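Chemist: The numbering of the sequence shown is the UniProt record's numbering, which starts it at 1 and goes up by one.
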Amino acid sequence: MAMKEKNREKNNAKKPLSSKTVAAASATKPPSTLRRLIDLDTAWSLHIHTICHPIIPRSVLKALEIAGDGRIWLPIPVALLLATPPPLRPIPLLLLLGFLLDLLLVGSLKYLVRRPRPSYNAGMHLTVAVDHWSFPSGHSSRVCFIAAFLYLSSASLAEEFQRLGSPQILLSAVFLWSASTSMSRVLLGRHFVFDVIAGACLGLFEAVVVFRIGKFMHQMDYFYPVI
C-alpha cells in the first residue's frame, strides 16, 4: 500500500501543470510595484478626464493640441534661420537641434515602451506609426523644451524680448502655454498622467542638453556670443 502511494506521488510530480493551475497561481501573486503604478495612473487619468470633459470645451483642447503640433513647430526654426540676422542665428539653429533630438528620443521611447493610448482617446489622426503608442507625450516634451530653452536663453534674447514687451510677461505666457498644453493631453484623452510627466521631464532634459551644446560651440568660437 505504501509503495502504491509513493508511485502515485511520483507520477503526480512528473505531470506538467495545466494552464488553469498556472493561471490560478499567477492570479494569487501580488501585482508588482510597476503594475500598481500603471493601474493607479490609468485610474487617475480616467478620473481627471471624466471630471473635466464636460467643463472645458473640446475646441479649446484641440486648439492647444494644434498649437503644440510638431508639424507646425519644426519649420519655424528653419524660417527663423533665414529671417534673423547672423548674431541671433544660433538660437533658431539650437531650436531646430532640440526638435530633432526630441523626435529621436520620443520616437525611440514610444517604440521601446509601447504603452497603448487610453481606450477613450477619440478622433486622433496618427502622423507616424509610433504615434499609436502613448508613453511619453511628444506634445509635453516639445512645449516644455521650448519654454525651458527660451528661459535658459533669456539673457541672450533680452533685447529682442524688450521689443516685444516685458520679458517676464512673455516668459510667463510661454510657461502658461506649455503647462496648459501638457495638461490638455490628459483632458483630451490622448495620454495618461505619467506620459505627460515623463514628456515634460524629457523636454527639460533636452533644453539643458541643447543649451550646453550652444555654450560649448560658443566657447569653441563656432557661434556668435549670444548663448
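Ideal Cβ placement from N, Cα and C applies to all residues, glycine included.
The structure displayed is predicted, hence computed values, not measured ones.
Alpha carbon to alpha carbon, how far is V60 from L82?
Modeler: Rounded to whole angstroms, V60 to L82 spans 32 Å at the Cα level.
Chemist: Flag this pair as yes or no: are the beta carbons of S137 and R190 separated by less than 9 Å?
Modeler: Yes, the pair counts as a contact, with Cβ atoms nearer than the cut-off.
Chemist: Can you check whether the CB of R185 is closer than 9 Å to the CB of G199?
Modeler: Contact: yes.
Chemist: Whose C-alpha, out of S140, L104 and D195, is nearest the C-alpha of E65?
Modeler: For E65, the nearest C-alpha among the options comes from S140.
Chemist: Apart from the five residues on each side of it in sequence, which residues of its chain come closer than 8 Å, Cβ to Cβ, to D41?
Modeler: Once the five neighbours on either side are set aside, the close Cβ partners of D41 are F192, V193 and F194.
Chemist: In or out: A23 buried (at least 16 other Cβ within 10 Å) or exposed?
Modeler: Because A23 carries a pLDDT of 45, less than 50, the predicted location of this residue cannot be relied on, and no value is offered for it.
Chemist: On the three-pair Cβ rule with 8 Å, is the stretch 108 to 123 touching the stretch 86 to 97?
Modeler: With a cut-off of 8 Å, the stretch 86 to 97 and the stretch 108 to 123 do not count as touching, because too few Cβ pairs lie within range.
Chemist: P90 by DSSP, collapsed to three states: which one?
Modeler: The answer is helix: DSSP assigns P90 an H, G or I state.
Chemist: Would you identify the three-state DSSP class for I213, choosing helix, strand or coil?
Modeler: Helix.
Chemist: Quick one: residues in its chain with C-beta nearer than 8 Å to the C-beta of T84, no 5 flanking neighbours on either side, listed in chain order?
Modeler: Around T84: I91 and P92.
Chemist: I'd like to confirm the pairing. Which residues does DSSP put opposite W133 in its beta bridges?
Modeler: Note: W133 sits in a beta bridge opposite P116.
Chemist: DSSP on Y224, reduced to helix/strand/coil?
Modeler: In this prediction, Y224 has a pLDDT of 49, which is less than 50 and means its spatial position is unreliable; nothing more can be read from the coordinates.
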